[in-house]
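Report on one structure; see the data block that follows.
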Ligand SMILES: *Cc1c(COP(=O)(O)O)cnc(C)c1O
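Numbering (my numbering), first residue to last: 1466 to 1871.
Here is the structure:
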């Protein structure tokens, strides 16, 4: 067992690897078995029963079938639970599968069919909750309207902070108080457990699109929910029944990503701070959305240990300029998703937030940037030339590299 007193960076490297020495291996083993040999009918059946109702496999009965349990996935879950200060975690095939399972787990058979969702949030989450597809009715509201939006049949409050794509911050403790007895789910994808632990502020469930920072290399789609034992059992039960499980290869990649998560997030954040400061001085940029520049809530330093590496800008040249900038970048990749080692740029209103109701959709002049691990001066030079393509202004520097402080 690793010591319960380790610091965050040590936990990121070692958590979920406690059984490796006894197995005689050093790297995370990938167990691809779709099925497992059964000792005998009785023991196998009892273990099946335990897992199908949300529990762990029984040692004498084995793990039976991959849809019920997989050791490679379980190691990732225990590591993420530790990083998020939660009792347990349950992994899914994507962030959306994780959200779907959470809604089903909290509404199925409870007689509760109502969700309160704080806008803005990721377009896919907004869309799923608004669609009625899961049999729930959703009231969208602002952070200070949570209590007024509650109903006797409210099963869940969903919020995201920092929110996708405008980086709005929500006070989690205040939201939990406003929600009363109703469990609050915080989407912690943007902050990661390195910068924020919603459980410490009273959140019952913490959701990650592990596709983003946790995996961190743009090569895996995964979702995970950190929560208490009771919710975890309900989530495992839904996962076993509906089959939205994470493949062990995906779990391996996300778990491997956790080891470098602290240094990636801090280095990416360092670049984002410098890039945000430069963008704030650019004549074509009407506004920079970045909690490190502008934090009226005062939550950076209190709720968050840093402002993160995501930012959004509003372009004076509007949608036309967004078209030109996104097609002129050379070091940034014009692509959706975020949180990887390489920098991405995208237009939320047209892409990630396309399915959101018109009144809540991001403005057409907004582009979102995910800052990677490249040298920040190279990224600034790329943005400078891409903004220059807009024809409004050409910036020239003698070295060809603009100065960050300009
Ligand atoms: C991408 C994303 C999701 C959805 O996750 P997938 O892994 O793409 O299913 C949910 N929330 C946020 C904040 C995201 O950025």
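Positions of the beta carbon are idealized from the N, C-alpha and C atoms, including for glycine.
Residue burial annotation: residue 1488 is exposed, with fewer than 16 other C-beta atoms found within 10 angstroms of its C-beta.
Going by beta carbons, residue 1625 and residue 1652 fall inside the 8 Å limit.
Excluding five sequence positions before and after residue 1503, the CB atoms of its chain that fall closer than 8 Å to its own CB belong to 1509, 1526, 1527, 1529, given in chain order. Around the Cβ of residue 1472, a 10 Å sphere holds fewer than 16 other Cβ atoms; the residue is exposed. Sequence-distant Cβ neighbours of residue 1589 in its own chain, meaning closer than 7 Å and more than five residues away, are 1561. For the segment 1620-1656, the full-length alpha helix (DSSP H) segments reaching 4 residues or more read 1637-1644 along the chain.
Residue 1831 is positioned such that its CB atom lies closer than 8 Å to that of residue 1814. Following the DSSP letters along the chain, one finds residue 1821 in no alpha helix (DSSP H), marked with neither H nor E. Judged by DSSP in its simplified three-state form, residue 1784 adopts helix.
Remark: the C-beta of residue 1642 is outside contact range of ligand 1, defined as less than 7 Å to any heavy atom. As far as DSSP is concerned, residue 1548 takes part in no beta bridge.
Under the Cβ criterion (8 Å, minimum of three pairs), the segment 1738-1753 does not count as touching the segment 1813-1828.
Contact between the segment 1707-1725 and the segment 1788-1804 is absent: fewer than 3 CB-CB pairs across the two stretches fall below 8 Å.
Residue ranges of uninterrupted alpha helix (DSSP H) with 4 or more members, entirely inside the segment 1656-1708 and ordered along the chain, are 1657-1660, 1694-1707. Our two residues, residue 1598 and residue 1490, have alpha carbons roughly 45 Å apart in a direct line. Placement of the Cβ of residue 1652 at a distance of less than 7 Å from at least one heavy atom of ligand 1 is found.
In the DSSP assignment, residue 1810 falls within the beta strand (DSSP E) that extends over 1809-1811. Less than 8 Å separates the beta-carbon of residue 1681 from that of residue 1729. Per the coordinates, the alpha-carbon of residue 1711 lies some 32 Å from the alpha-carbon of residue 1825.
Within the DSSP bridge table, the entry for residue 1557 names 1688 as partners.
By a beta-carbon distance limit of 8 Å, residue 1570 does not contact residue 1723. Their separation comes to about 24 Å.
At the C-beta level, residue 1691 and residue 1664 come within 8 Å of one another. Within 7 Å of the C-beta of residue 1589 there is at least one heavy atom belonging to ligand 1.
Between the alpha carbons of residue 1519 and residue 1848 lies a gap of roughly 49 Å. At a cut-off of 7 Å, the beta-carbon of residue 1655 counts as near ligand 1: some heavy atom of the ligand is closer than that. Out of 1495, 1612, 1788, 1563, the CA that lies nearest to the CA of residue 1531 is found in 1495. Secondary structure note for residue 1515: its alpha helix (DSSP H) is the uninterrupted segment 1506-1517.
Here the alpha carbons of residue 1759 and residue 1785 stand approximately 26 Å from one another.
Within the same chain, Cβ atoms closer than 7 Å to the Cβ of residue 1733 are found at 1774, 1836, 1837, 1838, the five residues on either side in sequence being excluded. Distance from the Cα of residue 1698 is smallest, within the candidate group 1542, 1788, 1579, for 1542.
With a cutoff of 8 Å on beta-carbon distance, residue 1555 and residue 1637 are scored as not near each other. The alpha-carbon separation between residue 1769 and residue 1498 amounts to approximately 40 Å. Scanning 1840, 1842, 1834 for the CA closest to the CA of residue 1630 turns up 1834. Per DSSP, the continuous alpha helix (DSSP H) segment holding residue 1851 begins and ends at 1841-1853. As the crow flies, the alpha-carbon of residue 1632 is around 54 Å from that of residue 1505. If you check the CB distance, residue 1667 and residue 1647 do not come in under 8 Å.
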